[in-house]
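Okay, structure first, notes after.
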Amino acid sequence: MSKPIIATTSLAGCFGCHMSILDIDDRILKLIELVEFNKSPIDDIKTFTKECDIGIIEGGCCNSENVHVLKEFRKHCKILISLGECAIMGGLPAMRNGIPVKECLDEAYLNGPTVGDNTEKIMPNDEELPMILDKVYPCHEIVKIDYYLPGCAPRADLIWAAVVALVTGDTLNIPYELVKFD
Amino acid sequence: MKDRIINIVETYGKDPGRLMDILLKVQAEFGCVSHEAITIIAAALHMSEVDVMQTRSFYHFFTCRPVGKYAVYLNNSVVSMLMGMGDVQDEFEKLSGVKVGEKTADGLISLHHTACIGMNDQEPAALINGVVFTELNRDKVRALVADMKAGKAAQDMVTTYGDGNNANPLMKTMVKNNIRKAGAVVLAEYCMGKGIAKALSMDARGVINEVKESNLRGRGGAGFPTGMKWDFCSREAGDHYVLCNADEGEPGTFKDRVLLTERAGMLFEGMTIGGYAIGAKEGVLYLRNEYTYMKAYLESVLSDMRSKNFLGNNILGKGFNFDIRIQMGAGAYVCGEESALIESSEGKRGEPRNRPPFPVQKGYKNKPTIVNNVETFCSSVRIIENGGAWYGALGTSESAGTKLLSISGDCKLPGVYEIEWGMSIKEMLEMVGAENVQAVQVAGPSGICLPPSQFDRKIALEDLPTGGSMIVIGKNRDLLKDVVLNFMEFFADESCGSCVTCRSFNMILRNSIEKIVSGHGIRKDVEDMAAWSEILRKTTRCGLGQTSSNPISTTIKNFREVYDARVKNVDYQSDFDMQASVMASCEVVGRSSKVHE
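These protein sequence lines map, in sequence, to chains A and X. Just so we're aligned, residue 1 is where the first sequence starts under the numbering used here, counting upward by one. Just so we're aligned, residue 183 is where the second sequence starts under the numbering used here, counting upward by one.
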């Protein structure tokens with residue numbers, strides 16, 4: 001039987017969850033024995049070339065591209081995992097959710113203390129750019145999510161335990177220490 | 183401003199325990215409790231600003247920005263909405279040009295929502311500068327707004343007065359009593375002073391024993407045996423206090439309003455008897471802010487009783503001293519919970535306390551305190567007058583006596599009924615002239631939504647307990663949208679926020695119901711709601727969180743078909759609308775929001 005295939009992506013996240021994946025350290029050698037990677041920043045495959053078994057999503061959706069990527073993941077992956085606070089709840093980027101998007105853009109491009117000279121009051125509006133959503137959405141509000149791994153970032157041991165359990169079919173054993181945050 | 187506020191603080195003896203009164207006065211005089219006012223109050227009371235601020239921010243009749251010269255509070259609770267508040271609000275908004283939550287540019291009118299104001303039998307109702315206006319419609323709103331524009335005082339806009347003491351010169355309100363049925367206890371003929379005289383001729387232990395023998399149980403809804411409560415309290419050492427809970431905030435309850443209007447003397451007599459029984463010298467009537475219009479009248483009843491020596495020093499020459507003060511609330515449902523009510527009476531946020539210790543051990547000012555409902559105190563007067571055995575013979579074996587019901591909603595004769603415990607819902611519906619009934623909401627939002635198949639159940643603490651709220655819901659109503667969603671909005675608003683589950687689950691449950699009502703729900707939402715309701719019930723400190731999921735859990739149990747008809751039988755469905763969600767940002771940067779998927 002061929003190895004299970006994993007895809008990962010970082011949407012409106014800080015890549016901290018991906019760093020946490022790398023924190024499995026030398027177990028990464030065991031991981032590549034267990035699974036094959038497809039679309040992921042880890043191997044830099046930009047688009048899906050195969051149907052995958054597991055999709056791991058870091059970050060929520062703050063723009064139209066995030067939504068597009070997330071829907072692609074849902075289309076090509078049998079199982080989707082929301083990894084970390086931002087994917088699950090919107091996280092830090094969702095702090096803007098109580099503020100009208102116009103105020104956010106004004107602050108970012110016109111009025112903010114780090115704006116500098118923007119005398120022409122330009123706001124990025126190139127057709128190539130993704131469109132900003134009215135708020136940051138958690139992934140499960142856009143597509144069906146099968147599993148949630150909490151944390152900011154989730155501990156490497158938690159990610160390891162969950163992925164190994166999924167690909168081997170073993171029972172997932174999560175001691176309290178792996179999911180407590182304080 | 184500074185001098186005036188310091189003057190107010192001095193009126194209350196610079197006592198931080200009277201912060202509620204101070205804030206109420208400041209709000210009334212200045213139209214808000216501004217940050218500047220908070221700084222002055224805090225300095226004058228030697229409190230930190232945040233301590234003042236947290237009390238201010240807790241109650242919804244305190245505002246940080248000035249309300250309009252006319253602050254219009256529209257009741258958006260279920261029965262008001264069923265009776266046409268939608269039109270009334272629309273007319274107010276049209277004529278004033280502002281939406282609810284806003285104020286006109288000239289500062290004349292501000293519109294606000296408020297929870298049930300205790301007028302369910304005469305809805306739609308509103309408060310304008312504390313004055314009650316009932317049975318509103320578009321025509322009446324037009325007249326009111328014209329009066330406001332002409333600068334008439336709110337009280338002068340009242341043209342007709344209600345029956346009984348509602349027309350008293352100190353009350354002059356249009357509120358009607360709607361007493362439909364008087365029973366043998368609280369609404370029977372009453373003559374002031376008999377109860378006190380008899381109680382003072384007995385010893386305190388004898389009074390407690392009489393109340394114990396009657397099997398009187400608390401009328402607020404929880405049904406704790408009153409005699410036992412008084413007994414526990416009397417056995418504690420030190421100063422004792424009597425608190426009366428007149429914060430009837432459970433939507434659909436208005437029976438205490440009628441007792442306060444027509445049986446104020448009886449209530450104060452009951453508090454005095456309670457004080458005598460437990461050895462207290464001081465009583466506090468905690469009156470909900472919505473009933474401010476009664477305050478002057480109630481004060482006059484207190485003075486009258488003092489002049490007759492039913493209150494004050496050496497009452498009836500028996501050497502017992504007792505007096506009562508009125509503590510106004512400021513708009514918070516949770517203050518109907520006894521320990522929250524105590525906190526509020528002490529000038530703090532109305533957050534329920536952890537128990538034990540119970541109020542009978544450490545209550546008001548951390549002293550042994552009994553907190554009883556208005557109806558409970560009134561009943562105790564009759565028990566002393568006529569004996570515990572007489573009272574115990576009324577009602578059922580486990581629920582002695584009579585119960586006042588406030589019945590409203592889709593029926594011909596809404597109003598107050600004093601019934602003996604044990605009446606069936608079916609009998610009750612015949613009594614009030616209700617036909618084509620879809621459901622009866624027993625005991626308000628925190629109670630049960632009862633289907634017709636259970637209408638033979640009995641109104642009694644052992645079967646269908648109630649504090650008195652009964653809302654009849656007709657077959658033509660949308661149960662989920664008109665009732666359940668409204669109730670969940672109420673609880674999401676009224677949660678004090680102290681327990682995480684209560685703070686978040688009420689909001690989440692509200693959102694889930696809204697999702698189902700708007701047609702986006704799936705089966706799993708219903709299952710999730712049932713499970714979350716159970717978690718909420720088990721993980722909160724006070725009665726609010728323990729019962730706030732009842733609108734959902736009891737309708738899922740009793741009206742599952744209503745949910746099934748509205749949810750899709752799919753695994754997953756997203757409400758996300760890309761086009762709508764990019765509209766705002768595209769508009770700001772000036773690009774087309776057309777989405778190419």
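In this text, a Cβ means the ideal position worked out from N, Cα and C, and glycines have one as well.
- Counting every other CB atom within 10 Å of its CB across the protein chains shown gives Arg507/X a total below 16, marking it as exposed.
- Within the stretch 225–274 of chain X, the runs of alpha helix (DSSP H) at least 4 residues long that lie entirely inside it are, in chain order, 231–240, 260–264.
- Excluding five sequence positions before and after Leu441/X, the CB atoms of its chain that fall closer than 8 Å to its own CB belong to Val368, Met448, Leu449, Val556, Glu557, Cys560, Leu586, given in chain order.
- By the rule that beta-carbons nearer than 9 Å mark a contact, Val143/A touches chain X.
- DSSP places Gln543/X in no beta strand (DSSP E); its state is neither H nor E.
- Looking only at Gly452/X, Glu580/X, Asp660/X, the smallest Cα-Cα distance to Glu743/X is reached by Asp660/X.
- In the DSSP assignment, Thr8/A forms a beta bridge with Ile56/A.
- A Cβ-Cβ contact shorter than 9 Å links Val598/X with Ile589/X.
- Within the stretch 220–240 of chain X, no residue places its CB atom closer than 7 Å to a CB of chain A.
- If you ignore the 5 residues before and after Val749/X, its C-beta comes within less than 8 Å of the C-beta of Ile698, Gly703, Ile704, Arg705, Asp707, Val708, all in its own chain and listed in chain order.
- Interface annotation, Tyr137/A: in contact with chain X, CB-CB separation under 9 Å.
- In this structure, Gly591/X is the residue among Lys322/X, Gly591/X, Glu451/X with its C-alpha nearest to the C-alpha of Ile655/X.
- Cys152/A is positioned such that its CB atom lies closer than 9 Å to that of Cys86/A.
- Setting aside the 5 residues that flank it on each side, Glu567/X is surrounded in the same chain by Lys376, Gly377, Lys380, each with a C-beta closer than 7 Å to its C-beta; the list follows chain order.
- Around the beta carbon of Pro154/A, 16 or more other beta carbons sit within 10 angstroms, so the residue counts as buried.
- Scanning Asn503/X, Leu293/X, Glu273/X for the CA closest to the CA of Asp421/X turns up Asn503/X.
- With respect to chain A, the C-beta atom of Val764/X has a partner C-beta closer than 9 Å.
- Between Leu691/X and Ile653/X, the C-beta gap is not smaller than 9 Å, which leaves the two residues out of contact.
- When Ile552/X, Val327/X, Leu643/X are compared, the shortest CA-CA separation from Gly583/X is found for Leu643/X.
- At a Cβ-Cβ threshold of 9 Å, Val35/A and Val179/A do not count as neighbours.
- Secondary structure in the stretch 338–364 of chain X: no alpha helix (DSSP H) run of 4 residues or longer lies completely within the stretch.
- Residues of the same chain with a CB within less than 7 Å of the CB of Cys768/X, apart from the 5 flanking positions on each side, are Ser774, Ser775 in chain order.
- Taking the CA atoms as reference points, Phe15/A sits about 59 Å from Gly195/X.
- When CB distances to chain A are screened at a threshold of 7 Å, the residues of the stretch 734–762 of chain X falling below it are Asp753, Tyr754, Ser756, Phe758, Met760, in chain order.
- In this structure, the CA atom of Pro534/X is about 30 Å from the CA atom of Asp664/X.
- Looking at the DSSP output, Pro407/X bridges to Arg399/X.
- When DSSP states are grouped into helix, strand and coil, Ile81/A belongs to the strand group.
- Among the bridge pairs identified by DSSP, Ile524/X is matched with none.
- Between the stretch 717–733 of chain X and the stretch 677–696 of chain X, the count of C-beta pairs closer than 8 Å reaches three or more; the two stretches touch.
- In the structure shown, the three-state DSSP call for Asn427/X is strand.
- Under the 10 Å beta carbon count, Pro306/X is surrounded by 16 or more other beta carbons and is classified as buried.
- When DSSP states are grouped into helix, strand and coil, Leu149/A belongs to the strand group.
- Under the Cβ distance rule, Ser775/X counts among the residues neighbouring chain A, one pair being separated by less than 9 Å.
- Identification of residues in the stretch 49–83 of chain A having a C-beta nearer than 7 Å to some C-beta of chain X yields Ser64, Val67, given in sequence order.
- Annotation: the continuous beta strand (DSSP E) that includes Ala308/X extends over 308–310.
- Burial is judged here by how many other beta carbons sit within 10 angstroms of a residue's own beta carbon; Met265/X has at least 16 and is buried.
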